[in-house]
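S.K.: Numbering (the numbering used here), first residue to last: -18 to 674. Quick one: structure below, then a few questions.
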Amino acid sequence: MRLKVRTPQLLLRRLIGARKQACTMESIMDGVTEPNLSIRVDSNAAGTGTIFGSITDEHLVLLFVLLRANPSRRPASGSSFSFFAMSGKRTKVDPPDKKTKRQCSDVGQRKARNKNTECSIVKCSLKSFCQKSASVLPWDSVLKDTNKAVAEAYILANLRVVRLCEAGRPIPALDQEFYYQCLSAVSVGLTARKKVDDEDLRQSVELYKSWRDPNVSFASSAHISYGWFQNASSQMATNASNHVVVNFYRRIQKYVKQRVGITGKERYELLRDVLAPTYAGSDERVLGFRRWIPRNAEGYIDKEKPHLILPVTYRFLQFIEQENYRKREGPRYEQLRSFSLLPMKRGFECSHFKMCKLGLYALLRRAGIQIPEIKRKEGQPCWNDVVDEWWHRLFKITKCETENRKFAGEISTDGKAVSIVLRKPKLPEPEKSPSLKKDPKQYNFGEVWGLDPGRRDLFVATNNFGETIACSTREFYEDAKYTSSNMTTRYWIDHNPKILEAIRNMPSPKTCSLQKLEAYVRFLSPRLDRLLDFRMAKPFRKLKFRRYIFMKNKLRELCAKLTARAGANTLIGFGDWSATDYGGFIKKCPTGPVKKLEKELKRYCIVDSVPEFRTSKLHADCRRELTYQYALRTCKDGIVRRVKVYSVLHYPHNGCFGMTVNRDQNASKNILLLTLPHFLGQDRHPACCRQGT
-18 MRLKVRTPQL LLRRLIGARK QACTMESIMD GVTEPNLSIR VDSNAAGTGT IFGSITDEHL
42 VLLFVLLRAN PSRRPASGSS FSFFAMSGKR TKVDPPDKKT KRQCSDVGQR KARNKNTECS
102 IVKCSLKSFC QKSASVLPWD SVLKDTNKAV AEAYILANLR VVRLCEAGRP IPALDQEFYY
162 QCLSAVSVGL TARKKVDDED LRQSVELYKS WRDPNVSFAS SAHISYGWFQ NASSQMATNA
222 SNHVVVNFYR RIQKYVKQRV GITGKERYEL LRDVLAPTYA GSDERVLGFR RWIPRNAEGY
282 IDKEKPHLIL PVTYRFLQFI EQENYRKREG PRYEQLRSFS LLPMKRGFEC SHFKMCKLGL
342 YALLRRAGIQ IPEIKRKEGQ PCWNDVVDEW WHRLFKITKC ETENRKFAGE ISTDGKAVSI
402 VLRKPKLPEP EKSPSLKKDP KQYNFGEVWG LDPGRRDLFV ATNNFGETIA CSTREFYEDA
462 KYTSSNMTTR YWIDHNPKIL EAIRNMPSPK TCSLQKLEAY VRFLSPRLDR LLDFRMAKPF
522 RKLKFRRYIF MKNKLRELCA KLTARAGANT LIGFGDWSAT DYGGFIKKCP TGPVKKLEKE
582 LKRYCIVDSV PEFRTSKLHA DCRRELTYQY ALRTCKDGIV RRVKVYSVLH YPHNGCFGMT
642 VNRDQNASKN ILLLTLPHFL GQDRHPACCR QGT
């Protein structure tokens, strides 16, 4: 193995560097047998020498003496200095393999387990799940430190991305490692941290620490840097990916509306061409937007690499802030809603965090309990040998297990409620018939429902007997105790002056400006501990668990109503609206748990997802198109205008009874008429089909 250099000084410098790294000759020569090192001056050589074994100070002195005889000038053309490995017997050395990603020893076992089993979740209170011996576990200490570290890590991640976008530098992948670095930077462990190699990360951390209040301590990562932080960083990476990818259409939709000034059908067609995998047109606006968007091999937005989309969303956010600043003094100024490039922690309430076997190890270590080490030592057990024993010693595992469901070694908790992960065998997939059509003789449903989910009404359902059942969103949230819980929360906050002052005066972190982000950090850092302690001391987590219990009760009550007549022999055509439409949510009109209702219904009867296309636009009896009604309404600016009424539609023809129909009831009737043909694989009514299908 030969290494050529241009000057003797460079040769000496490289060998000194190898000496500092404590390199041995065997590691340098990469497989050469009977190693020795020969240093030779090829041009005007005054002598040669040989170094054996490891590099030592004597070897460096020998090298210096050999090089003294050669002038320090640059050697003649075609000559060089070199050192190379020599041996009596040379062997062929294979090229080194590419660096492979390090994996845990149980990765293969988990992959094999996932092929045959699936997860099931059981939720209960943490107190009922713990044994008496678990009373010494420091839940609040670990959860508070993890919450604080996560809150600050989210801010640091946004700071790092904003700096990179401002400088026009590439953004690293938003993976688990990215957020684990952020968690490590905003926490203090038992040992000193290693020096950060990433210059951008180091500068971002230093800038963030210069903004923080120096009198406020960092979160303690003692024993929880592995297990708890690893799981938290994985969840943070998932949240970041969803935040960037899912909201991208809304961001670009708002940008096109404000920048180009188009809405409605024209904007939809423009964005359709922009996001399409291929485009053969010549519209300069479409071509300009298409050049911004990173795409995968198929031509679609690269959702697997959300960090490539961030520079585009940064441009959108920058434009929104410039527009708000430019129009701030206008007579009809209405601030455009901004957003953060990466997600922030939602409020200051304690989040649910996953605890695996490493998390249990960290929890016991934080409690000062003597347990075996993670790595196996000669003649001693390791943590994997006793982890099952500790799970059963601390928690009531057998209470949740059944004959088929077994504990998976993972829980998720916020200190009040706990979700236990269980493993159960996968059900065999039904055989797919070559024909999509089903035999109607095999099915004799006692009752068929057409269910239209919505926003103001959680759902409106009509059955084949002409009966209608509806549940408004307001009714659902009142029965599920959300309304009373929110009133209690507001009372606690309003009667704590310091908390109220912090919440009302807190600057917004939804910005692409480092100055505004600095103001947010300087305001939050001295108040962060108080806000977290307030949410931990007051029974906010108890209210959250109570809401979950009453929500499940309300969903079961609704499912029982829909299946009261025929039980499991009921077919429900569930409209395919998912309450996540890109059109934007109606302000102060939150949607109900549509998907949770559909999932719960599948436990009671057969549920078939039916496309809702044109079900609200066509009359249920004659399939003719309905029109909007208009009413005079006083708008925010005090001007009376003629606006659309969305809850009822007008029927302009005289062939049917009733000139005005309820929009949701009419849609549920249309879904009812489409349910059975859709379930049996028959053709859809032509009036409800898309063009070209």
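Each residue gets a CB set at the ideal place from its N, CA and C atoms; glycine is no exception. Note that the structure is a prediction, hence the values are computed from the model and not measured.
Nearest to Trp209 by alpha carbon, out of Lys129, Pro119, Phe334, Asn228?
M.R.: That would be Phe334, whose Cα lies nearest to the Cα of Trp209.
S.K.: Hey, would you say Asn139 sits closer than 8 Å to Leu655, going by beta carbons?
M.R.: no
S.K.: Straight-line CA distance for Val117 to Val399?
M.R.: 17 Å
S.K.: What does a CB cutoff of less than 7 Å around Leu182 pick up in its chain, not counting 5 residues either side in sequence?
M.R.: Arg141, Gln162
S.K.: So, helix, strand or coil for His659, using DSSP?
M.R.: DSSP places His659 within a helical segment (H, G or I) once states are collapsed to three.
S.K.: Buried or exposed: where does Trp120 fall if 16 or more other Cβ atoms within 10 Å of its Cβ makes it buried?
M.R.: That one is buried.
S.K.: Helix, strand or coil for Gln112? Go by DSSP, reduced to three states.
M.R.: coil
S.K.: Can you tell me whether His631 is buried or exposed, with buried defined as 16 or more other CB within 10 angstroms of its CB?
M.R.: Exposed: under 16 other Cβ atoms inside 10 Å.
S.K.: What are the boundary residues of the alpha helix (DSSP H) that includes Tyr342?
M.R.: 338 to 347
S.K.: Would you mind working out which of Val227, Arg248, Ala221 sits nearest Gln234, comparing C-alpha positions?
M.R.: Considering only alpha carbons, the answer is Arg248.
S.K.: Would you call Met640 buried or exposed, if buried means 16 or more other Cβ atoms sit within 10 Å of its Cβ?
M.R.: Around the CB of Met640, fewer than 16 other CB atoms lie within 10 Å, so the residue is classed as exposed.
S.K.: Taking a contact to mean a Cβ-Cβ separation below 8 Å, would you say Phe531 touches Ala461 in this structure?
M.R.: yes
S.K.: Can you give me the C-alpha to C-alpha distance between Phe33 and Leu155, rounded to a whole angstrom?
M.R.: Confidence at Phe33 is low in this model, with a pLDDT of 40, below 50, so the placement of that residue should be treated as unreliable; the coordinate-derived value is given next. Taking the straight line from one Cα to the other gives about 47 Å.
S.K.: Start and end of the beta strand (DSSP E) containing Ile530?
M.R.: No beta strand (DSSP E) holds Ile530; the alpha helix (DSSP H) holding it covers 521 to 543.
S.K.: Taking 8 Å as the cut-off, decide whether the C-beta atoms of Ala668 and Leu599 are in contact.
M.R.: yes
S.K.: What residue range does the beta strand (DSSP E) around Glu448 cover?
M.R.: Careful: Glu448 lies outside any beta strand (DSSP E) and carries neither H nor E.
S.K.: Among the residues of its own chain, which have a CB less than 6 Å from the CB of Tyr585, if the five just before and after it don't count?
M.R.: Cys540, Thr544
S.K.: From which residue to which residue does the alpha helix (DSSP H) around Gly269 run?
M.R.: 265 to 273
S.K.: Just the C-alpha distance for Asp87 and Trp473, rounded to the nearest angstrom, thanks.
M.R.: 47 Å
S.K.: Given a cut-off of 8 Å, decide if Phe660 and Leu552 are closer than it, judged by their beta-carbon atoms.
M.R.: In this structure, Phe660 lies closer than 8 Å to Leu552 by Cβ.
S.K.: According to the Cβ coordinates, are Val226 and Thr294 closer than 8 Å?
M.R.: Not closer than 8 Å, so no.
S.K.: How would you call Arg644, buried or exposed, if buried means at least 16 neighbouring beta carbons within 10 angstroms?
M.R.: buried
S.K.: Hey, out of Arg455, Val368, Arg253, Phe504, whose CA is closest to Pro490's CA?
M.R.: Ranked by Cα distance from Pro490, the first of Arg455, Val368, Arg253, Phe504 is Phe504.
S.K.: From this set, Ile620, Lys405, Asp510, which residue's C-alpha is nearest Asn95's C-alpha?
M.R.: Lys405
S.K.: From which residue to which residue does the beta strand (DSSP E) around Gly328 run?
M.R.: No beta strand (DSSP E) contains Gly328, which DSSP labels as neither H nor E.
S.K.: Under three-state DSSP, which class holds Arg193?
M.R.: coil
S.K.: Which one or two residues does DSSP pair with Ile587 in a beta bridge?
M.R.: Leu552
S.K.: Round the Cβ separation of Ala221 and Pro324 to the nearest angstrom and send it over; I've been treating them as touching at under 8 Å.
M.R.: 6 Å
S.K.: CB-CB under 6 Å to Tyr463, same chain, minus the five flanking residues each way: which ones, in chain order?
M.R.: Taking Tyr463 as the centre and dropping the five residues before and after it, the same chain places the C-beta of Arg528 closer than 6 Å to its C-beta, in chain order.
S.K.: If we require 4 or more residues per run, which alpha helix (DSSP H) segments fall completely within the stretch 116 to 182?
M.R.: 120 to 148, 157 to 166
S.K.: Using a Cβ-Cβ cutoff of less than 6 Å, which residues in the same chain neighbour Asn228 once the five nearest sequence positions on both sides are dropped?
M.R.: Taking Asn228 as the centre and dropping the five residues before and after it, the same chain places no C-beta closer than 6 Å to its C-beta.
S.K.: Between the stretch 252 to 260 and the stretch 271 to 285, do three or more beta carbon pairs fall short of 8 Å?
M.R.: Touching, per the Cβ criterion.
S.K.: Measuring alpha carbon to alpha carbon, tell me which of Val367, Thr172, Phe320, Ala166 ends up nearest Ile352.
M.R.: Val367
S.K.: Roughly how many angstroms lie between the CA atoms of Pro362 and Ile350, to the nearest whole one?
M.R.: 16 Å
S.K.: According to the Cβ coordinates, are Ile652 and Leu432 closer than 8 Å?
M.R.: The Cβ-Cβ distance between Ile652 and Leu432 falls below 8 Å.
S.K.: Which of the three DSSP states is assigned to Pro667 in this structure?
M.R.: helix
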